[in-house]
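Residues in the sequence shown are numbered consecutively from 3, following this note's numbering.
All residues carry an ideal CB built from backbone N, CA and C; glycine is no exception.
Because the structure is a prediction, the values reported are computed rather than measured.
Accompanying notes for the structure given below.
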Amino acid sequence: NHFFSLGECGPPPKVKNARPTETVHTKYPIRTIIYYKCFPGFAKDPKKSNAVACLASHEWSYPEKFCIEKRCPHPGEILNGHIEIESLRAGSVIHFTCDKGHKLFGSSTSTCRTVKNESRWSDPLPLCKAIFCPPPPDVTDGKWTSTDRATFSFGTRVTYSCSDGLFLIGHETLHCSAEGDVGKWNRGAPECREVSCPSPEIPNGHKLPPAAPPYSYRDTIHISCDYGFVISGEEKVYCGANSTWVPEVPQCKRATCEIPVIPYAHAVASSSPNPPYSYADTMSINCDPGFTMVGNGNISCGLSGLWLPDLPYCRAALSATTAIRGSCEEPTRLTFAIPKPEYQGQARFDVGATVDYTCRPGYRRTPSLSPRITCLASGTWSKPPSFCQPKPCPNPEDLLNGRIEIEDIVFGSTIFFRCNNGH
């Protein structure tokens, strides 16, 4: 405890955000008045006192909270821009940015400063002015129209068209975009070309509508094969920008069937001695000893390269005296096919039982190979052939001002696009 002489006070009290205007002593006589001044960034409230007095009770009068924080006024708004404000206190900094497609003219920041007891911003609000693109490129034998023909400001759209008899190759519309604060068109201009494709020859096949010769850019034709022939390639092609058909015009090949693969079976007769078998060729199938046939053993090569009717299968013949013991567990898991629903969930299969598969999405049947496996006497499944192959995708369209890197076009493949230099 501090004890003071009669008629004295101790050191003056501490006041928030202020300090005494004179040197502080350890004791003061009664009726002494001490004045305070506010710290930088604060100003005296004119309605409140900034003084304390030493009272007869040897205590200082209770100080008022007379220092108020200095603040700058709200800076306002920027047309086509915005202001980032964390505080309006003295010393705080605000940041100005413009909307996309506009350029800032002026200072990008402003600081709240106090001058002669008044808080104000160091810099005025900047301006955000629209960015402009150069005039759009002209196209030989074509023209363009614009939503803003005079200035080509950010967002302006330009639409191209070609002279009669020519076709527009590329994108019809460009728009003025921005990279940083520089305006540029979002893509290169299209071209106007005379495009025509020759009428394709389809041996053992014919062309179908909608298009008819002469063929122009993007005209589409469908290819159909004659009776006894199957299509090799895409059945629909269109006239591309380089006056060639995209994808390549398919071929019509004679429908053929390969030797059917049926476990525990063999062919006993056929109308043709050697594979591949042509349309309408026939074959008779018998099961090996100890197996019985399920289905029709007389088959013929169909138009699509599939044997008709569906291939039979051979099941182990069980009798009271001859029993093939053992069983198989769930069917083999394949990457390209799954068992048909009626076989799913079954944990055990008797010897001779068969399971049919269906191709997974993205794969298609290989007509000559059976999608069926058989439970063997060894308790294992027969080895399945690759009866489903990945489906091909159509060839991609031409890439203007670039190239396409293709390793394969079957299901699951990836192609890469590369732009030419300057694009």
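Looking at the DSSP output, L106 sits in a beta bridge with C130. Taking one beta carbon from each stretch, the segment 130 to 138 and the segment 153 to 168 have 3 or more pairs nearer than 8 Å; the two touch. Spatial neighbours of R220 in its own chain (CB-CB distance under 7 Å, excluding positions within 5 residues in sequence) are listed in chain order as Y240 and C241.
The beta carbon of F293 sits closer than 8 Å to those of Y266, A267, C316, R317, A318, A319 and G354, all from its chain and outside the five residues before and after it, given in chain order.
Counted as a single uninterrupted DSSP element, the beta strand (DSSP E) harbouring I406 occupies residues G404 to E407. In the structure shown, Y345 falls within a helical segment according to DSSP collapsed to helix, strand and coil.
Excluding sequence positions up to five before and after D143, its CB lies within less than 7 Å of the CB of C164, S165, L168 and C194, all in the same chain and listed in chain order.
Each of S179, Q348 and G12 was checked against the Cα of P31, and the nearest Cα belongs to G12. Short of 6 Å from the beta carbon of V160, and not among the five residues preceding or following it, lie these beta carbons of its own chain, in chain order: P138, W146, S148 and L176.
Taking a contact as a CB-CB distance under 8 Å, the pair S280 and C303 counts as one, their CB atoms being some 6 Å apart. Note on Y37: under 16 other CB atoms within 10 angstroms of its CB, so exposed under the neighbour-count rule. Per DSSP, K39 is one residue of the beta strand (DSSP E) stretching across I35 to C40.
Here the C-alpha atom of G182 lies approximately 21 Å from the C-alpha atom of N423. When only Cα atoms are considered, N188 and A180 end up about 8 Å apart.
For T25, the closest C-alpha among the options E196, K39 and P262 is that of K39.
Bridge pairing for A267: C289 [DSSP].
DSSP places G185 inside the beta strand (DSSP E), whose first and last residues are V184 to W187.
The Cβ atoms of C130 and C100 lie closer than 8 Å to each other. Of K118, N119, D140 and S112, the smallest CA-CA separation from P128 is found for S112.
The three-state secondary structure of I411, taken from DSSP, is coil.
Using a 10 angstroms sphere on the CB of R374, the tally of other CB atoms reaches 16 or more, which defines it as buried. The continuous beta strand (DSSP E) containing W146 extends over residues G144 to S148. For S280, DSSP records a beta bridge to T258.
Check the Cα spacing between V357 and each of K385, R366 and T368: the tightest is with K385. Along the length of the segment 63 to 125, whole beta strand (DSSP E) runs at least 3 residues long occupy 69 to 71, 83 to 86, 95 to 100, 104 to 107, 111 to 117 and 120 to 123, reported in chain order.
Bridge partners of C395 according to DSSP: none are assigned. Take the alpha-carbon of G414 and the one of L336: they are about 16 Å apart. By the Cβ neighbour-count rule, V17 is buried, with 16 or more other Cβ atoms within 10 Å of its own. Just so you know, the alpha carbons of M295 and P314 end up roughly 7 Å apart. Assignment of G207 by DSSP, reduced to helix, strand and coil, places it in the strand class.
If you compare the alpha carbons of N288, I301, W247 and F389 with that of S273, the shortest gap goes to I301.
In the three-state reduction of the DSSP assignment, T356 falls in the strand class, which pools E and B. The C-alpha of C114 lies about 58 Å from the C-alpha of L170.
Between K118 and G83, the alpha-carbon positions lie close to 32 Å from each other.
Close CB contacts of A20 within its chain, under the 6 Å cut and outside five residues either way in sequence, are with Y38, C40 and C69 (chain order).
Separation of G364 and F98 (C-alpha to C-alpha, rounded to the nearest whole angstrom) is 53 Å.
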